[in-house]
Amino acid sequence: MVSALLWVCTLGLVLTGVYGAYQVVVSSRFTGELPALPETGRHHRFAVLVFARNEERVIGNLLASLREQDYPSDCFDVFVTADNCTDATAAIARDVGAIVYERESTGPRGKGAALNWFFAEHLPAGYDACVVFDADNVVDPGFLAAMNRQLGAGHQIAVGYRMGKNPSSSWVAGASTLFWLMQTRFFHVPRALRNLPCTSVGGTGFMFSLRVLGDGGWQTSSACEDIEFTLQAIAAGHFVALAQDALFYDEQPLTLAQSLKQRYRWSVGSVQLIRTSVPSLLASVRRGQLGALDAALYIIGVVVGGLSGVLWVLSLALGLASGAGVGRTLLTVAVSSVAGYVLLLAFGLLVARLERARWVGMGKALLGFPIWLFSWSVINVVVLFYRDPTWHTVPHTDDLTLAESAAVSSVPRRG
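Residues 857 to 1271 (the working numbering) make up the sequence shown, in order.
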């Protein structure tokens, strides 16, 4: 019986290894550069959407960076949704000329619910596209111009280049910053070079044409509205492009507890989307949209990762039951842990080198990066058995201006 279970675990680990090998192959084309898009003679009109919940401390810096865009001021307007705010967020936004809508609801919480409400109640007319930001962001002056070039090239959806706003504030914030740089370099860039759609708009710093929504507005229901929107768009045949020259800075959690809560919600949302999004993606594959297959494989990654962790632990336990010595098992765990740590540390160094990113305290972030990633592996095991989609707000306290954010870290402007 034990040997049969061991065989099942081994087979499962082989299958999860095949899945991992696929992701490695897709990500292997990570050193190329995307061609620069030409300027277009048309200035598209943007509705810049900001969703905020008690963000009086940081929203002023975002709005100031938007006022400094190298883009005609009559070609974009800023809309702020003050979502159940109890502070001065709405007043601050109004004072600097933003169009403010205040949402007061006892219903579902989170940005997904706020997006549903905004497009149901205040669908902006007379605009070509929307750009979405979180209130804690600050934006490079060339962001809207870069997204205008994406629209000119025929891309209806585009993901911006995310840099941590506060990587020096703690090792957790630095490790989170490394993760976003890793996502750009090893997820977005390879897919863009292979002419595959990016599989997540990342929740902030993205653009989409209003044609993508059609008459239905924004319609998401999961704990990961950004990934759900992306998968809906891919299933409908839209291409999600990468705009490397659309740089913005995003505040990262300061503590491990905050980061764990945030990433747990993302993993919960990913599991939810397997049931709701994979069938439509596979139907799109049958219609000839092969990029939808990659998206379907992407969204099952949380479950595959969680199963891999469970199978590895079961294999160790079954090995003990079949006669493997405790000392030998502990040695296997120790060697695997050290080897995994060194490998992930080297991977973090590679990410930082490829993205030419530097900031004060980067050494602590690099040393903590393997621990940060391993904690996500534990989260992926947990969500196999317990899923609570409750939205927990992460407080934003690093009120850095665009100039201060750029000074904290060194990352070359793309494009």
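Don't be surprised by glycine CBs; every beta carbon is placed ideally from N, CA and C.
Keep in mind it's a predicted model, so treat the numbers as computed, not measured.
Tell me which residue opens and which closes the beta strand (DSSP E) that residue i is part of.
| i | result |
| --- | --- |
| C986 | A985 to D990 |
| R959 | I955 to R959 |
| S1065 | F1062 to S1065 |
| L905 | F902 to A908 |
| T937 | F932 to D939 |
| R885 | Counting along the chain, R885 falls outside any beta strand (DSSP E), and DSSP gives it neither H nor E. |
| R1018 | I1013 to G1020 |
Does residue i come out as helix, strand or coil in the three-state DSSP assignment?
| i | result |
| --- | --- |
| Q1118 | helix |
| A1092 | coil |
| Q1006 | helix |
| T1257 | coil |
| Q892 | The displayed chain sequence assigns Ala, not Gln, to residue 892. In the structure shown, A892 sits in coil (DSSP, three-state: anything other than H, G, I, E or B). |
| R1214 | strand |
| V1057 | coil |
Taking the continuous alpha helix (DSSP H) assigned at residue i, which residues delimit it?
| i | result |
| --- | --- |
| D1278 | Past the edges of the chain, shown from 857 to 1271, lies residue 1278, and the structure says nothing about it. |
| A1148 | G1147 to I1155 |
| R1047 | V1045 to L1049 |
| R913 | From DSSP, R913 is part of no alpha helix (DSSP H); its letter is neither H nor E. |
| M1038 | W1027 to Q1039 |
| G968 | K967 to E977 |
Residues in its own chain within less than 8 Å of residue i by CB, not counting five upstream and five downstream?
| i | result |
| --- | --- |
| V1166 | V1237 and L1240 |
| L1176 | V1182 and T1185 |
| E960 | N940 |
| S1178 | V858, S859 and L862 |
| V1216 | S1024 and V1264 |
Which residue wins for smallest C-alpha separation from residue i, given the options the options?
| i | options | result |
| --- | --- | --- |
| R1121 | F932, C931, Y1242 and G998 | Y1242 |
| D1254 | E1084, S1193, I1155 and S1024 | S1024 |
| H1248 | R909, L905, V870 and A903 | R909 |
| S1077 | V906, A970, F1043 and P891 | A970 |
| S1266 | R1209, I915 and L890 | R1209 |
| V880 | F1203, A1213 and G1217 | F1203 |
| V1134 | K1117, A1152, L1146 and Q1145 | A1152 |
| R1041 | N1022, T1060 and G1016 | G1016 |
| H978 | T945, I955 and V995 | I955 |
Can you find the residues in the same chain that come closer than 6 Å, C-beta to C-beta, to residue i, ignoring five residues on each side of it along the sequence?
| i | result |
| --- | --- |
| R1276 | Not covered by the structure: residue 1276. The range shown for the chain is 857 to 1271. |
| N972 | W1074 |
| C1054 | V1015, H1044, R1047, V1096 and L1098 |
| Y1197 | P1226 |
Shorter than 8 Å from the beta carbon of residue i to some beta carbon of chain B?
| i | result |
| --- | --- |
| Y878 | Of the protein chains in the structure, only one exists, and it is not chain B. |
Which whole-angstrom value is the C-beta distance of residue i and residue j, which I expect to be below 8 Å?
| i | j | result |
| --- | --- | --- |
| L1222 | L1201 | 6 Å |
| L1174 | C865 | 7 Å |
Might you give, ordered along the chain, the residues of its own chain that have their beta carbon closer than 7 Å to the beta carbon of residue i, omitting 5 neighbours on each side?
| i | result |
| --- | --- |
| T1060 | V988, F989, D990, N993 and D1106 |
| G966 | W1247 |
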